[in-house]
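Notes for the one structure printed next.
Residue numbers (the working numbering): 400 to 835.
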């Protein structure tokens, strides 16, 4: 069905456009939402949508629809939109290519989950929380199967099918020591994560965070656990975006082949990694996915590009023209960003410092300068290589580009959180601001 719809749309588009591209997306999902101590809402959903891009006289036009009977009308809107836009010789569609083998992105066990399964998984999370003497406040379990097809007038035909499973829970404890909160989440392409373990982890952090003490303001080593590390990396993702570089919005704009991080750190964007949450045969434009070295042993090597920014920079697309959905145009974004450290500094090696489980406010960081000020969530004081007590009311301030120059992995264990595949990271010195 997808192929028939796409070819039908392509044929119509080429009657009035120089080039055309058709993107079809079909998604089936089941979701169960947790509110307090019950699954309060569950739903099955199905969506089919088509995004159409055309090029007319070097002008790009876009339109989308969820109604298959309106394909001809949608093509007409895309052509009309192109005629109203400015011409840009850098507009182009992907050329016919071979695609890499990408494994571990589809699981029948997820595809076969039904609504009752997700409800039961949600109930099991609630049960685990209550058994741990905590109170669930919100959460959910979600499973979906997505099929996408891209074809264009240049001969591209790229089809992907993938599954996605996720669980999230937020909990609190109210006792004589006050209120303690925590949350945990996990996602996978396979049904290899246990929602009960997600719930148990959230409870463990909340329980350990009771009775927090204030901390003196000062510069000290900070061990950022997986969630905290991933939270800060959103600023880095903006700096390696080729579109931002070309617009003068990246601190790395003129730093190719210069040292920008610790020599022990290499960073890769890999859209082909097995089981990656953002792995696929091709990106949202039909460019083959690939592994791109961003930083190699501290040296900045490449930026990420889609077709338009690559043409503007006279380079090749890195396969990072990402679509959020059929109703969005492709734009430069990450696939799976991997931080690979050679040097390590574990918790046991920290004489005095702070362990931070998560951060709040990372989105407020300055995307150009890299300056940030965030709240340390579920933090713990470290003394002589051991956790001695929880810490409350602490803020962290620093600069993401500076701390990358003096950071080490705290463990070899990585997790994928969103597009970021990270270990816990030890920062040699970060400003910790204590608040009474």
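We put the CB at the ideal spot given by N, CA and C, even for glycine.
Limits of the unbroken alpha helix (DSSP H) element including residue i
i: residue 815; result: Element bounds for residue 815: not the alpha helix (DSSP H) but the beta strand (DSSP E), 814-816.
i: residue 528; result: 514-530
i: residue 509; result: 507-510
i: residue 401; result: 401-412
i: residue 634; result: 625-638
i: residue 726; result: Looking at the DSSP string, residue 726 is not in any alpha helix (DSSP H), and its letter there is neither H nor E.
i: residue 642; result: 641-645
Where residue i falls, given that 16 or more other Cβ within 10 Å makes a residue buried
i: residue 723; result: exposed
i: residue 368; result: Because residue 368 is not part of the residues shown, which for the chain are 400 to 835, the question remains open.
i: residue 402; result: exposed
i: residue 511; result: exposed
i: residue 707; result: buried
i: residue 713; result: exposed
i: residue 818; result: buried
i: residue 575; result: exposed
i: residue 789; result: buried
i: residue 527; result: buried
i: residue 422; result: buried
i: residue 816; result: buried
i: residue 494; result: exposed
i: residue 687; result: buried
i: residue 634; result: buried
i: residue 852; result: What the structure shows of the chain is the stretch from 400 to 835, and residue 852 is not part of that stretch, so it cannot be assessed.
i: residue 616; result: exposed
i: residue 733; result: buried
i: residue 466; result: exposed
i: residue 588; result: buried
i: residue 573; result: exposed
i: residue 541; result: buried
i: residue 400; result: exposed
i: residue 562; result: buried
i: residue 662; result: exposed
i: residue 559; result: buried
i: residue 445; result: exposed
i: residue 750; result: exposed
Bounding residues of the beta strand (DSSP E) (the contiguous stretch that carries residue i)
i: residue 437; result: 437-455
i: residue 794; result: 793-798
i: residue 460; result: 458-464
i: residue 474; result: From DSSP, residue 474 is part of no beta strand (DSSP E) but of the alpha helix (DSSP H) over 470-483.
i: residue 820; result: 819-821
i: residue 808; result: 806-808
i: residue 787; result: 785-790
Identified DSSP bridge partners for residue i
i: residue 545; result: 426 and 561
i: residue 434; result: 437 and 537
i: residue 835; result: Answer is none; residue 835 lacks a bridge partner.
i: residue 486; result: 458
i: residue 622; result: 754 and 825
i: residue 802; result: According to DSSP, which records beta bridges pairwise, residue 802 is partnered with nothing at all.
i: residue 420; result: 452 and 551
i: residue 503; result: The partner list for residue 503 (beta bridge, DSSP) is empty, contrary to what the question assumes.
i: residue 556; result: 550
i: residue 415; result: Answer is none; residue 415 lacks a bridge partner.
i: residue 567; result: 539 and 584
Near the ligand FAD: residue i beta-carbon under 7 Å from a heavy atom
i: residue 429; result: This structure does not include the ligand FAD; it has no bound ligands of any sort.
Fully enclosed by the stretch 647-684, which beta strand (DSSP E) runs are 3 residues long or longer? 664-669
Runs of beta strand (DSSP E) wholly within the stretch 729-781 (minimum 3 residues, chain order): Counting whole runs of 3 or more residues, the stretch 729-781 contains the beta strand (DSSP E) stretches 736-740 and 751-759.
Which runs of the alpha helix (DSSP H), 4 residues or longer, sit entirely within the stretch 569-616? 594-607
Taking contact to mean at least 3 C-beta pairs separated by less than 8 Å, is the stretch 781-789 in contact with the stretch 744-752? yes
If we count Cβ pairs, one from each stretch, closer than 8 Å, do we get three or more for the stretch 816-834 versus the stretch 621-629? As far as the Cβ criterion goes, the stretch 816-834 touches the stretch 621-629, which means the pair count is three or higher.
Evaluate contact between the stretch 649-660 and the stretch 690-705, counting only Cβ atoms and requiring at least three cross-stretch pairs below 8 Å. yes
What are the start and end residues of each continuous alpha helix (DSSP H) run of 4 or more residues lying completely inside the stretch 687-720, in chain order? Segments of the alpha helix (DSSP H) lying fully in the stretch 687-720: 706-712.
Counting beta carbon pairs with one atom in the stretch 663-676 and one in the stretch 499-513, are three or more of them shorter than 8 Å? The stretch 663-676 and the stretch 499-513 touch, with three or more beta-carbon pairs separated by less than 8 Å.
Under 8 Å: do the stretch 761-771 and the stretch 590-608 share three or more Cβ pairs, one atom per stretch? no
Taking contact to mean 3 or more Cβ pairs, one atom from each stretch, closer than 8 Å, check whether the stretch 808-818 and the stretch 591-600 are in contact. Not touching, per the Cβ criterion.
Quick check: the stretch 458-465 against the stretch 477-485, are there 3 or more CB pairs under 8 Å? Contact holds: three or more Cβ-Cβ distances are below 8 Å.
On the three-pair Cβ rule with 8 Å, is the stretch 423-442 touching the stretch 513-523? yes
So, do the stretch 534-543 and the stretch 555-568 have three or more beta carbon pairs nearer to each other than 8 Å? yes
Assess, as a yes-or-no matter, whether the stretch 795-808 is touched by the stretch 714-734 under the definition of 3 or more beta carbon pairs within less than 8 Å. no
Could you say if the stretch 441-454 and the stretch 467-481 meet the contact criterion of at least three C-beta pairs nearer than 8 Å? yes
At least three beta-carbon pairs within less than 8 Å, the stretch 547-561 to the stretch 678-692: yes
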